[in-house]
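Counting in the working numbering, the sequence shown runs from 88 upward without gaps. Here is the structure we will look at, set down as structure tokens.
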Amino acid sequence: MTQPTVAGVPVVVRDLVTNQHACGWDVAVAAPADGDLPGWLSELGVPHLPWQASRDPGRTVPDEVRRLRRLIDEVDPDLVHLHSAKAGLAGRLALRGRRPTVFQPHAWSFEAVTGPVARVARGWERFASRWTHLVVCVSEDERRRGEEVGVRARTLVLPNGIDLGRYRVADGAERGTTRRDLGLEDRPTVVCIGRLARQKGQDVLLDALPALRTRVPDAQLVLVGDGPDADALRARAAPGVVFTGSRSDVRPWLTAADVVALPSRWEAGLSLVAMEAMALGRPVVSADVAGARNGLAGAGAVVPREDAAALANALAARLEDPSLAEHEGRAGRLTVESSHDLVVTSRRMRHAYETVLADSSPDRSGR
88 MTQPTVAGVP VVVRDLVTNQ HACGWDVAVA APADGDLPGW LSELGVPHLP
138 WQASRDPGRT VPDEVRRLRR LIDEVDPDLV HLHSAKAGLA GRLALRGRRP
188 TVFQPHAWSF EAVTGPVARV ARGWERFASR WTHLVVCVSE DERRRGEEVG
238 VRARTLVLPN GIDLGRYRVA DGAERGTTRR DLGLEDRPTV VCIGRLARQK
288 GQDVLLDALP ALRTRVPDAQ LVLVGDGPDA DALRARAAPG VVFTGSRSDV
338 RPWLTAADVV ALPSRWEAGL SLVAMEAMAL GRPVVSADVA GARNGLAGAG
388 AVVPREDAAA LANALAARLE DPSLAEHEGR AGRLTVESSH DLVVTSRRMR
438 HAYETVLADS SPDRSGR
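Right, here's the structure in full:
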């Protein structure tokens with residue numbers, strides 16, 4: 088089960104479910120009815136269990152827990168995999184360890200908040216680990232952060248994977264053609280893909296643009312995505328910044344990029360967008376978030392978080408030196424081929440499920 092239903096988490100769920108369904112497993116997904124996920128599930132022939140739930144914790148949680156408990160009782164699954172913080176909250180309150188439970192944070196809830204709310208979130212994760220048979224982290228950095236706050240459940244570090252067959256490295260001529268097809272000008276292009284929200288740091292990228300244009304005057308910036316900060320970002324954007332809105336297939340936009348910018352304030356690990364960019368042979372400039380240093384592995388640059396000047400310099404270096412960008416792009420493709428093949432990561436997830444089921448008490452009495 089998952090909440091949210093937009094951006095990267097639903098893609099992870101879709102890809103896992105696709106593999107499990109192809110292997111003959113009976114799979115169902117509980118999720119809200121909005122976003123792309125219900126349509127994807129319908130195309131796969133996988134049951135979608137509508138679960139009314141918001142992204143935020145608060146007064147709606149008790150009703151969300153009750154609805155989820157009813158869905159789980161109706162389906163009677165052997166194992167439940169909870170994706171992201173809200174499903175992790177409602178799902179573990181509903182289950183309380185009575186069924187084998189896998190929780191995948193996709194970034195810890197306490198990373199998104201500060202002060203008393205962060206203390207409550209850290210306390211919840213410590214407490215809820217007793218109801219969690221396995222925590223799946225997408226990077227060693229994410230695992231370490233959980234351990235630091237007292238998460239004691241068994242943990243597996245399993246990076247996300249992508250379907251490499253869907254990605255082909257494009258040359259410069261194809262990039263130009265793709266830009267024209269998308270309605271973009273054929274000039275040095277920075278693309279940033281992500282939910283328009285504080286976490287993703289598009290405001291830092293907008294702040295970096297004037298310095299970038301002092302070195303690359305004709306640089307264009309394309310922001311792909313939608314979210315709660317869309318209006319505020321449009322209001323502060325310099326002339327010529329392109330806002331595309333949400334796009335279910337981001338491959339053309341990545342193909343159009345000379346360099347991909349990921350200025351996030353926090354992540355769980357190397358993001359799906361980074362992997363997709365690398366699979367397409369595009370260099371990546373990322374903020375120094377979890378998983379970036381090890382994950383990029385020569386495929387771009389890592390700069391301090393919220394440092395607009397450093398971000399501008401790293402982007403300019405790749406726009407000014409196409410040979411550097413091409414070299415990093417080739418390195419990125421090799422990295423995803425060796426470490427992020429969806430066939431391999433899905434097989435490891437299935438094995439993790441089987442281990443949890445084998446180790447779980449048959450009476451499901453909780454812990």
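Here a beta-carbon is modelled for each residue, glycine too, at the ideal position from N, C-alpha and C.
Would you mind working out which of the options sits nearest residue i, comparing C-alpha positions?
{"i": "Ala324", "options": "Leu296, Leu124 and Met436", "result": "Leu296"}
{"i": "Ala361", "options": "Val291, Leu299 and Val389", "result": "Val389"}
{"i": "Ala348", "options": "Val99, Val431 and Ala401", "result": "Ala401"}
{"i": "Ser216", "options": "Leu169, Gly248, Thr201 and Gln286", "result": "Leu169"}
{"i": "Val303", "options": "Arg186, Ala403 and Ala199", "result": "Ala403"}
{"i": "Val100", "options": "Gly184, Arg156, Pro144 and Pro192", "result": "Pro192"}
{"i": "Leu341", "options": "Val309, Gly332, Asp313 and Asp165", "result": "Val309"}
{"i": "Gly248", "options": "Val204, Ile280, Glu235 and Arg420", "result": "Arg420"}
{"i": "Glu413", "options": "Cys224, Val116, Pro187 and Asp258", "result": "Asp258"}
{"i": "Asp408", "options": "Arg183, Pro370, Asp290 and Ser425", "result": "Pro370"}
{"i": "Thr242", "options": "Cys224, Arg253 and Asp273", "result": "Cys224"}
{"i": "Val329", "options": "Leu359, Leu269 and Ala260", "result": "Leu269"}
{"i": "Ala117", "options": "Asp428, Val167 and Pro149", "result": "Val167"}
{"i": "Ile159", "options": "Arg186, Ser425 and Arg274", "result": "Arg186"}
{"i": "Glu393", "options": "Arg179, Pro149, Arg352 and Gly184", "result": "Arg352"}
Taking all protein chains shown into account, do 16 or more other C-beta atoms lie within 10 angstroms of the C-beta of residue i, making it buried, or fewer, making it exposed?
{"i": "Phe190", "result": "buried"}
{"i": "Val96", "result": "buried"}
{"i": "Trp112", "result": "exposed"}
{"i": "Leu444", "result": "exposed"}
{"i": "Arg454", "result": "For Arg454, the pLDDT reaches just 42, beneath the cut-off of 50, and the residue's location in the model is therefore unreliable, although a value from the coordinates is still provided. Exposed, since its Cβ has fewer than 16 Cβ neighbours within 10 Å."}
{"i": "Glu130", "result": "exposed"}
{"i": "Glu161", "result": "exposed"}
{"i": "Asp163", "result": "exposed"}
{"i": "Glu415", "result": "buried"}
{"i": "Arg451", "result": "Residue confidence for Arg451 is low, a pLDDT of 46 falling below 50, so the modelled location carries little weight; the figure read from the coordinates is stated next. Answer is exposed; the Cβ neighbour count stays below 16."}
{"i": "Pro391", "result": "exposed"}
{"i": "Glu235", "result": "exposed"}
{"i": "His438", "result": "exposed"}
{"i": "Val430", "result": "exposed"}
{"i": "Asp290", "result": "buried"}
{"i": "Gly145", "result": "exposed"}
{"i": "Glu261", "result": "exposed"}
{"i": "Glu272", "result": "exposed"}
Check residue i in the structure and name its three-state DSSP category.
{"i": "Ala445", "result": "helix"}
{"i": "Asp150", "result": "helix"}
{"i": "Ala322", "result": "helix"}
{"i": "Ser373", "result": "strand"}
{"i": "Leu166", "result": "coil"}
{"i": "Val223", "result": "strand"}
{"i": "Asp450", "result": "Residue confidence for Asp450 is low, a pLDDT of 49 falling below 50, so the modelled location carries little weight; the figure read from the coordinates is stated next. In the structure shown, Asp450 sits in coil (DSSP, three-state: anything other than H, G, I, E or B)."}
{"i": "Gln289", "result": "helix"}
{"i": "Asp394", "result": "coil"}
{"i": "Thr105", "result": "helix"}
{"i": "Thr301", "result": "helix"}
{"i": "Val236", "result": "coil"}
{"i": "Ala439", "result": "helix"}
{"i": "Val389", "result": "strand"}
{"i": "Leu429", "result": "helix"}
{"i": "Ala120", "result": "coil"}
{"i": "Thr201", "result": "coil"}
{"i": "His193", "result": "coil"}
{"i": "Ala343", "result": "coil"}
{"i": "Ala174", "result": "helix"}
{"i": "Pro137", "result": "strand"}
{"i": "Leu251", "result": "helix"}
Anyone know if the C-beta pair for residue i and residue j falls short of 9 Å?
{"i": "Ala177", "j": "Trp195", "result": "no"}
{"i": "Ala379", "j": "Glu363", "result": "no"}
{"i": "Ala343", "j": "Thr442", "result": "no"}
{"i": "Leu398", "j": "Asp345", "result": "no"}
{"i": "Ala374", "j": "Pro350", "result": "yes"}
{"i": "Gly368", "j": "Val256", "result": "yes"}
{"i": "Val423", "j": "Leu251", "result": "yes"}
{"i": "Ser226", "j": "Pro246", "result": "yes"}
{"i": "Ala140", "j": "Arg157", "result": "no"}
{"i": "Asp318", "j": "Gly332", "result": "no"}
{"i": "Gln107", "j": "Val114", "result": "yes"}
{"i": "Ser447", "j": "His220", "result": "yes"}
{"i": "Leu320", "j": "Leu293", "result": "yes"}
{"i": "Ala384", "j": "Asp228", "result": "no"}
Pop quiz: residue i and residue j are said to be a contact at Cβ under 8 Å. What is the actual Cβ separation, rounded to whole angstroms?
{"i": "Ala181", "j": "Val222", "result": "Going by Cβ atoms, the distance from Ala181 to Val222 rounds to 17 Å, so no, they are not a contact pair."}
{"i": "Val244", "j": "Glu212", "result": "No, Val244 and Glu212 are not in contact; Cβ-Cβ is about 17 Å, not under 8 Å."}
{"i": "Trp138", "j": "Pro119", "result": "6 Å"}
{"i": "Ser335", "j": "Asp123", "result": "5 Å"}
{"i": "Asp316", "j": "Leu283", "result": "5 Å"}
{"i": "Val372", "j": "Val337", "result": "With a Cβ gap of about 17 Å, Val372 and Val337 do not count as contacting."}
{"i": "Ala205", "j": "Phe214", "result": "That pair is no contact at about 15 Å."}
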